[in-house]
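Numbering (the working numbering), first residue to last: 7 to 450. Following: one structure in structure tokens, then a few remarks.
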Ligand SMILES: Nc1ncnc2c1ncn2[C@@H]1O[C@H](COP(=O)(O)OP(=O)(O)O)[C@@H](O)[C@H]1O
Ligand SMILES: [Mg+2]
């Protein structure tokens with residue numbers, strides 16, 4: 007097992023090639039199916055598409071498991087987009103959220119002992135060799151402390167820091183190349199934000215602090231919990247926390263059978279994220295289903311994985327709030343102004359274009375509100391209706407502080423589609439925007 011070292015140039019080229027070949031194969035398969043659908047029109051085309059999606063998803067899964075690092079993280083994100091992605095991708099790539107093939111136990115033992123500076127048995131009464139789950143940066147084992155407390159131990163993959171550094175270099179090179187070909191869109195804010203966040207995500211001492219800060223926001227709510235941290239056993243690569251018990255939020259059938267009210271869970275989720283983003287200016291940046299559990303007996307939402315958290319500078323938080331207020335009031339001018347002040351830019355650089363985009367956003371919000379859901383059909387329909395003027399002048403620059411806001415909104419929309427909970431997003435946001443957060447949980 008390679009210890010924390012950067013990838014050589016050769017290794018980086020190898021990763022890029024492996025990824026490029028997969029991408030090319032997936033793309034060519036889609037092209038050939040499109041051709042078949044248009045020219046040959048076989049009667050079983052729908053099944054053929056499903057079979058193709060499955061083949062593609064399996065190939066992407068294999069390459070993500072083999073290469074790990076940022077590639078795996080990217081696939082986790084994609085897998086959570088139930089609003090736009092065909093089912094087979096959601097099912098196969100969804101395994102990457104918490105079911106990555108784990109490292110062998112000797113690797114885990116070695117890391118734990120290195121981090122604690124003593125034999126595993128001196129810190130834990132018992133330590134299960136089989137992990138509870140394994141994801142992109144770490145695997146998590148159940149264990150018992152010397153005093154009998156049940157804990158979850160998050161063990162960072164030893165080679166992950168090197169992989170991520172190499173991937174960031176590759177991504178920068180790729181985005182620079184794309185920037186030359188496609189001069190319009192400024193991708194650099196995306197890479198800059200990623201580059202700034204990744205090292206923090208690999209520091210579990212930082213993750214522990216994030217978890218406690220966010221836990222403090224919700225102390226008086228009884229519908230959401232964050233695992234408590236055991237600082238004395240936590241290091242940069244080892245995080246020991248309260249053991250939580252729950253089902254992944256995307257397991258809707260099992261949760262429904264257990265009598266959990268999914269609409270109430272979704273309401274909690276939206277309120278909690280509205281409070282973090284709009285009121286506190288500090289939020290969990292990675293709400294994919296692997297990081298959200300629901301306790302079947304209490305229906306409480308469990309937030310996990312605080313590695314990727316974001317502090318919004320105060321003036322950004324205020325402008326995001328202005329934007330949300332304008333959206334709720336249906337004030338297109340004020341929405342456009344907020345987009346301009348936030349630093350969005352369109353291709354033609356004209357401020358009027360942002361006002362047009364604001365008008366489109368308002369229409370989309372209304373549509374979603376009426377339908378009470380976002381599913382692939384609604385998204386496709388809305389996409390077709392985009393006016394040509396906006397198609398020709400899309401947004402070409404997103405302020406880097408808002409990259410994670412966009413990511414969170416995308417993940418929450420995906421979750422809402424997956425849960426089929428049909429909550430009224432906008433109505434839930436109203437009290438936060440007015441500055442009077444709703445009475446806390448409990449009475450629901
Ligand atoms: N405190 C906990 N109690 C129970 N299971 C946990 C706990 N923390 C994490 N897990 C499980 O481990 C998985 C990986 O942990 P996570 O913190 O999300 O790691 P990563 O940063 O690699 O995504 C989670 O998806 C969840 O299934
Ligand atoms: Mg995770």
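Beta carbons are placed, not taken as given, at the ideal position from N, Cα and C, and that holds for glycine.
- The alpha-carbon of residue 103 is positioned some 9 angstroms away from that of residue 86.
- In the structure shown, residue 250 falls within a coil segment according to DSSP collapsed to helix, strand and coil.
- In this structure, residue 144 sits near residue 161, with a CB-CB distance shorter than 9 angstroms.
- In this structure, 59 is the residue among 22, 159, 59 and 28 with its C-alpha nearest to the C-alpha of residue 40.
- For the pair residue 279 and residue 317, the CB atoms are not nearer than the 9 angstroms cut-off.
- Taking 8 angstroms as the cut-off, the C-beta of residue 411 does not count as close to any heavy atom of ligand 1.
- Looking at 98, 386, 394 and 398, the one whose alpha-carbon comes closest to that of residue 355 is 398.
- The beta-carbon separation of residue 396 and residue 363, rounded to 6 angstroms, stays under the 8 angstroms limit for a contact.
- Counting along the chain, the unbroken beta strand (DSSP E) around residue 401 starts and ends at 401 to 403.
- For residue 274, no pairing in a beta bridge is given by DSSP.
- For residue 97, the enclosing alpha helix (DSSP H) starts and ends at 93 to 100.
- Counting only unbroken stretches of 3 or more residues, the beta strand (DSSP E) elements lying wholly within the region 120 to 153 are 130 to 133 and 144 to 151, in sequence order.
- With respect to residue 266, residue 159 sits apart: the two C-beta atoms are not nearer than 9 angstroms.
- Distances from the CB of residue 428 to the heavy atoms of ligand 1 are all 8 angstroms or more.
- Distances from the alpha-carbon of residue 277 to those of 120, 437 and 409 put 437 closest.
- At least one heavy atom of ligand 1 lies closer than 8 angstroms to the C-beta of residue 160.
- Bounds of any alpha helix (DSSP H) do not take in residue 290; it lies within the beta strand (DSSP E) bounded by 288 to 290.
- For residue 160, the beta-bridge partners assigned by DSSP are 146 and 245.
- In this chain, the alpha helix (DSSP H) harbouring residue 218 covers 210 to 223.
- Taking the C-beta atoms as reference points, residue 126 is found no nearer than 9 angstroms to residue 113.
- Apart from the 5 residues on each side of it in sequence, residue 96 sits with its Cβ closer than 7 angstroms to the Cβ of 85 and 88 in its chain, given in chain order.
- The Cβ neighbour count for residue 204, taken over all protein chains shown within 10 Å, is at least 16; the residue is labelled buried.
- In this structure, residue 69 lies near residue 25, with their beta-carbon atoms less than 9 angstroms apart.
- With a threshold of 8 angstroms, the Cβ atom of residue 294 counts as near ligand 2, since some heavy atom of the ligand is closer than that.
- The straight-line gap separating the alpha-carbon atoms of residue 256 and residue 101 is approximately 12 angstroms.
- A Cβ-Cβ separation of about 16 angstroms leaves residue 358 out of contact with residue 403 under the 8 angstroms criterion.
- Residue burial is scored here from C-beta neighbours: residue 33 has fewer than 16 other C-beta atoms within 10 angstroms and is therefore classed as exposed.
- A contact is defined here as three or more CB-CB pairs under 8 angstroms, and the region 424 to 442 meets this definition with respect to the region 329 to 337.
- In the three-state DSSP reduction, residue 352 falls in the strand class (E or B).
- In the structure shown, residue 231 adopts extended strand secondary structure according to DSSP, grouped into three states.
- Where residue 300 is concerned, the enclosing beta strand (DSSP E) starts and stops at 298 to 300.
- Boundaries for residue 307: no alpha helix (DSSP H) harbours it, while the beta strand (DSSP E) harbouring it runs 307 to 309, taken from the DSSP string.
- Closest by C-alpha distance to residue 414, out of 180, 290 and 341, is 290.
- In this structure, the straight-line span from the alpha carbon of residue 175 to that of residue 166 is close to 14 angstroms.
- DSSP places residue 63 inside the alpha helix (DSSP H), whose first and last residues are 51 to 73.
- In the DSSP annotation of this structure, the continuous segment of the beta strand (DSSP E) that includes residue 317 starts and ends at 315 to 317.
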